[in-house]
Amino acid sequence: MPKQPPVIALLTDFGARDHYVGVMKGVLLSICPDVRIIDICHEVAPQSIAEAAYLLWASYAYLPVGTIVLVVVDPGVGTQRDIVLARTKRNVFIAPDNGVLDYVLWQEKPLEVIALNYRSSLVEKMIQRKRSTTFHGRDVFAPLAAHIANGASLRQFGRKTPRGNVAEPFITKRDSGVEPKILHVDHFGNIITNIMQPQNGSPSFIRGIALGRKVIDRWIKTYAEAPLETPCLIVGSSGLIEIVVNKNSAASMLLSSHKLSLKLIA
Amino acid sequence: MPKQPPVIALLTDFGARDHYVGVMKGVLLSICPDVRIIDICHEVAPQSIAEAAYLLWASYAYLPVGTIVLVVVDPGVGTQRDIVLARTKRNVFIAPDNGVLDYVLWQEKPLEVIALNYRSSLVEKMIQRKRSTTFHGRDVFAPLAAHIANGASLRQFGRKTPRGNVAEPFITKRDSGVEPKILHVDHFGNIITNIMQPQNGSPSFIRGIALGRKVIDRWIKTYAEAPLETPCLIVGSSGLIEIVVNKNSAASMLLSSHKLSLKLIA
Amino acid sequence: MPKQPPVIALLTDFGARDHYVGVMKGVLLSICPDVRIIDICHEVAPQSIAEAAYLLWASYAYLPVGTIVLVVVDPGVGTQRDIVLARTKRNVFIAPDNGVLDYVLWQEKPLEVIALNYRSSLVEKMIQRKRSTTFHGRDVFAPLAAHIANGASLRQFGRKTPRGNVAEPFITKRDSGVEPKILHVDHFGNIITNIMQPQNGSPSFIRGIALGRKVIDRWIKTYAEAPLETPCLIVGSSGLIEIVVNKNSAASMLLSSHKLSLKLIA
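Protein chains in written order, with my numbering: chain A, 62 to 327; chain B, 62 to 327; chain C, 62 to 327.
If you want it as structure tokens, here you go:
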């Protein structure tokens with residue numbers, strides 16, 4: 062059987078209006094012509110590290126084993142912020158060291174984490190020497206990912222850096238100490254919280270959720286069983302509790318403000 | 062000549078804000094690493110079966126012969142709704158059995174239609190055993206398509222199911238009995254109707270169209286020949302009559318409401 | 062080493078709501094099954110030739126050597142407008158002859174430019190005989206690109222056509238005679254001008270920019286160093302001066318109207 066081509070997955074806040082994602086793909090294919098590219102998402106809200114961390118966590122386990130995952134949500138682009146390369150059992154993750162990998166590295170213990178050494182001559186050779194200060198996706202991240210796809214070992218790119226444990230991001234029991242919050246509003250207007258229920262059914266530890274003054278405590282298992290116009294709770298496809306409305310956008314109905322407080326109802 | 066890699070085409074209402082499409086591609090490439098993926102469209106209006114049926118019909122004939130077409134517009138996700146696998150002369154279509162294949166199966170007589178048997182042990186083995194109730198694109202549809210791309214025969218997945226004839230969806234003559242309607246508004250604001258003219262030129266059977274109280278009866282052959290600010294009729298690229306405005310959006314100019322009635326003018 | 066598969070890059074104003082881009086890819090893969098496709102961008106403002114010219118110029122040098130670049134921003138679709146095929150040292154560009162290639166052909170002297178001869182029997186054979194008047198992306202451009210990817214020589218498609226020099230599109234010195242203007246507003250709201258500074262640092266020839274009545278003369282090297290709420294100037298990733306606001310959209314803050322005049326401040 063011939064060797065499978067390498068896979069690189071992309072997660073950015075670059076949107077679709079520009080050439081930014083296309084140029085990154087041009088760089089990837091220039092360096093590694095047989096790479097397969099998967100777009101996880103490019104519509105992360107600009108500079109929203111928390112949203113990117115959620116989308117990455119919800120996706121990575123479904124990518125082919127060995128996929129190199131490149132996350133470019135990078136408010137500090139061009140500054141001295143670190144870039145990290147984290148190897149886990151099934152992936153390599155490349156990202157600015159700003160917290161965007163937190164949920165994944167909480168879920169998957171990394172085997173090693175390397176901080177990129179910009180000054181090493183190898184790195185200088187591999188990335189754009191005359192790099193911009195505003196588009197490291199093109200000048201730093203894409204070349205790194207493509208060279209790793211070509212087989213370069215992570216160790217060449219910098220020093221191992223110790224990682225403390227990442228704080229638990231999800232609420233899995235009462236009095237967990239984790240603040241309830243909204244992680245993401247999806248295309249259908251479903252409101253995705255950080256309250257987790259790995260098994261199907263309503264979590265034993267809460268009866269409902271209060272969003273501002275609105276109490277939501279009707280649990281459903283499929284969208285279709287929800288009465289119309291009625292906000293309900295469902296265990297979403299990643300095990301997190303979502304507030305949803307059948308054939309409508311829960312966000313449009315309920316999120317007059319993103320600042321609305323979220324509370325567990327026991 | 063080496064065997065061509067299989068092609069899977071995707072049509073969904075998943076949008077671009079989330080990881081949903083990326084995760085489906087991850088599953089496809091995990092199971093069938095050499096598959097080529099074509100995105101037909103992911104911006105079908107949420108749960109709009111009619112719009113998806115139109116977009117699919119307008120696209121499928123231009124996909125490579127043998128393309129497996131996966132349609133996930135699925136308001137009934139997680140319920141007992143059927144999933145069908147339809148084989149035609151040049152394609153396999155996989156979709157929830159909710160009408161989304163109607164236009165294609167009116168155009169192309171299916172050679173066989175299989176209703177997925179969730180309970181067969183083979184299906185259990187191929188799709189996600191612990192499947193979610195909200196994301197069958199990831200847990201059911203993508204694995205099915207990828208296994209078929211790998212060569213699995215449709216018969217393994219369920220029982221043949223008889224199909225009645227699909228009602229003619231287009232108006233091709235006066236007094237056809239088909240209600241005139243708007244199928245889609247495209248990115249340029251062109252309003253695409255279900256009135257068909259396979260040959261170039263104005264249809265012999267109508268003189269114009271009334272949209273609400275507005276009569277449109279100026280026929281053009283290219284956008285550029287239309288006078289500015291003037292709604293015109295053109296035979297679109299799939300043979301359907303479109304209401305268009307040169308360098309402007311006909312929808313913004315005319316569609317104060319999507320409920321506007323459409324009438325043929327003889 | 063096996064031959065690398067051909068690469069085709071796409072730049073259109075087709076947007077994401079429709080099947081238009083997907084159908085073009087279907088045609089490309091039908092004719093050239095091993096082609097790799099890169100989407101540069103499909104969100105060019107409808108019929109905006111100038112924006113497409115900018116995005117193309119900012120992208121092409123990062124595509125793999127040999128990439129065939131297909132630009133379909135084509136207000137004259139279906140009319141007698143020319144279609145050109147331009148070969149440069151590293152690319153083939155295919156586009157309607159409406160100025161969309163101007164910036165690239167200013168930057169890269171073309172080795173030859175061919176005007177498509179629709180009437181040649183070879184062209185008739187390769188493109189759709191019964192072509193629409195509204196979707197040449199599908200019926201003309203995609204087949205052309207795919208046949209060229211398969212190895213067809215440009216000369217077969219038409220006659221060599223002489224090209225005058227393209228006027229310098231960028232301002233690189235004081236009194237250059239080029240009018241300052243806004244080329245593009247990107248996803249982050251950065252306002253990209255046609256004032257060029259190839260080297261890092263503030264251009265020696267201007268002190269700042271006036272946008273309407275607002276004077277902007279604070280220069281930064283990274284987004285993060287900009288004070289909040291303060292419009293600043295930065296040399297962008299293609300060497301053009303951009304007006305930016307840290308963690309905010311400069312366009313939302315400043316562009317009350319796209320008609321605002323832009324002036325150099327010496």
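Here a beta-carbon is modelled for each residue, glycine too, at the ideal position from N, C-alpha and C.
By the criterion of Cβ-Cβ separation under 7 Å, what are the contact partners of residue i in chain C?
i: residue 88(A); result: 123
i: residue 97(B); result: 90
i: residue 163(B); result: Ordered by position in chain C, no residue passes the 7 Å Cβ test against residue 163(B), which lies about 16 Å from the chain.
Between residue i and residue j, what straight-line distance do the alpha-carbon atoms span, to the nearest angstrom?
i: residue 258(C); j: residue 70(C); result: 27 Å
i: residue 62(C); j: residue 66(A); result: With a pLDDT of 46 at residue 62(C), under the threshold of 50, the modelled position of this residue cannot be trusted; read the value that follows with caution. Rounded to whole angstroms, residue 62(C) to residue 66(A) spans 14 Å at the Cα level.
i: residue 251(A); j: residue 110(C); result: 38 Å
i: residue 322(C); j: residue 232(C); result: 15 Å
i: residue 140(A); j: residue 204(A); result: 18 Å
i: residue 300(C); j: residue 160(A); result: 30 Å
i: residue 199(B); j: residue 327(C); result: 58 Å
i: residue 142(C); j: residue 108(C); result: 15 Å
i: residue 212(B); j: residue 175(B); result: 16 Å
i: residue 88(B); j: residue 90(C); result: 22 Å
i: residue 94(A); j: residue 134(A); result: 25 Å
i: residue 64(B); j: residue 120(A); result: 31 Å
i: residue 173(C); j: residue 123(C); result: 21 Å
i: residue 285(C); j: residue 297(C); result: 14 Å
i: residue 118(B); j: residue 68(B); result: 18 Å
i: residue 214(A); j: residue 226(A); result: 25 Å
i: residue 243(B); j: residue 243(C); result: 38 Å
i: residue 179(C); j: residue 222(C); result: 15 Å
i: residue 201(B); j: residue 86(B); result: 13 Å
i: residue 313(A); j: residue 246(A); result: 10 Å
i: residue 308(C); j: residue 316(C); result: 17 Å
i: residue 151(B); j: residue 186(C); result: 22 Å
i: residue 224(C); j: residue 295(C); result: 34 Å
i: residue 254(C); j: residue 188(A); result: 27 Å
i: residue 112(C); j: residue 289(A); result: 44 Å
i: residue 268(A); j: residue 191(B); result: 24 Å
i: residue 165(A); j: residue 281(B); result: 56 Å
i: residue 177(C); j: residue 96(C); result: 22 Å
i: residue 92(B); j: residue 92(A); result: 26 Å
Which chain C residues sit within Cβ distance under 9 Å of residue i?
i: residue 283(B); result: 137, 138, 139, 140, 194 and 195
Could you round the C-beta distance between residue i and residue j to whole angstroms and report it? I think they count as a contact, below 8 Å.
i: residue 293(C); j: residue 277(C); result: 7 Å
i: residue 129(B); j: residue 206(B); result: 5 Å
i: residue 153(B); j: residue 209(B); result: 6 Å
i: residue 82(B); j: residue 103(B); result: 5 Å
i: residue 325(A); j: residue 241(A); result: 6 Å
Measure the Cβ-Cβ separation of residue i and residue j and say whether it is below 9 Å.
i: residue 101(C); j: residue 84(A); result: yes
i: residue 105(A); j: residue 131(A); result: no
i: residue 114(A); j: residue 74(A); result: no
i: residue 156(C); j: residue 248(B); result: no
i: residue 311(A); j: residue 302(A); result: no
i: residue 219(B); j: residue 184(B); result: yes
i: residue 287(C); j: residue 279(C); result: yes
i: residue 80(C); j: residue 116(B); result: yes
i: residue 306(A); j: residue 291(A); result: yes
i: residue 217(B); j: residue 265(B); result: no
Can you pull the chain B neighbours of residue i, defined as C-beta to C-beta under 7 Å?
i: residue 66(C); result: Within 7 Å Cβ-Cβ: nothing; residue 66(C) doesn't reach chain B, min ~11 Å.
i: residue 94(C); result: 65 and 125
i: residue 249(A); result: 107
i: residue 76(C); result: 248
Using a cut-off of 9 Å between C-beta atoms, extract the partners of residue i located in chain A.
i: residue 297(C); result: 193, 195 and 196
i: residue 269(B); result: Correct list: empty, because the minimum Cβ distance to chain A is about 35 Å.
Output, in chain order, the set of chain C residues within a Cβ distance shorter than 8 Å of residue i.
i: residue 116(B); result: 79 and 80
Going along chain B, which residues have a C-beta under 9 Å from residue i?
i: residue 83(C); result: 70, 71, 72, 99, 100, 101, 102, 116, 120, 123 and 124
Given that residue i touches chain B, what residues does it touch there, using C-beta distances under 8 Å?
i: residue 199(C); result: 123 and 298
Identify the contact partners of residue i in chain A, using a Cβ-Cβ distance below 7 Å as the criterion.
i: residue 108(B); result: 308
>> Using 8 Å as the cut-off, can you tell me whether the stretch 136 to 148 of chain B makes contact with the stretch 156 to 169 of chain B, which would need three or more C-beta pairs spanning the two stretches below that distance?
In response: Segments in contact, yes.
> Are the stretch 223 to 241 of chain C and the stretch 193 to 202 of chain C touching by the rule of at least three beta carbon pairs closer than 8 Å?
Replying inline: Taking 8 Å as the limit for Cβ pairs, the verdict is that the stretch 193 to 202 of chain C does not touch the stretch 223 to 241 of chain C.
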